[in-house]
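Worksheet for the structure shown next.
Residue numbers (my numbering): 22 to 126.
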């Protein structure tokens, strides 16, 4: 998860959204999901508000080799985290989603 912290800038464009905070680096946005007490896996679906993406956007959960499916819902995106990832999360207390938008690089 250090990729989402070291050498990044804090993000004020999207702001904190509940359990999500954001950082930026080199055209990538990192959505850091902070687990609630007792939460042991990322949610099955993650909604990120006021975040528009193009069809070329890729979203990956750091610590896995999975590119996640997502869909645009108005000005929000909905990210689907498969059970295969949820059953073996890469970390215990926070999960980082790298959102790569080629048009931003």
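Think of the CB as a built atom: it goes at the ideal place given N, C-alpha and C, for glycine as much as any other residue. Remember, it's a predicted structure, so these values are computed and weren't measured experimentally.
Original post:
So the alpha helix (DSSP H) residue 122 belongs to, where does it begin and stop?
Top reply: Note, residue 122: premise wrong, no alpha helix (DSSP H); not H, not E.
Subject >> Per-residue DSSP class, three states only, for residue 79 >> reply: strand
Original post:
Can you tell which of 31, 49, 64 and 44 has its C-alpha closest to the C-alpha of residue 129?
Top reply: With the chain covering only 22 through 126, there is no way to say anything about residue 129.
Original post:
Mind checking residue 112: buried by the 16 CB within 10 Å criterion, or exposed?
Top reply: exposed
Original post:
Any idea if residue 50 is buried or exposed, counting beta-carbon neighbours within 10 angstroms, 16 or more meaning buried?
Top reply: buried
Original post:
If we ignore side chains and look at the alpha-carbon of each, how far apart do residue 77 and residue 67 end up?
Top reply: 19 Å
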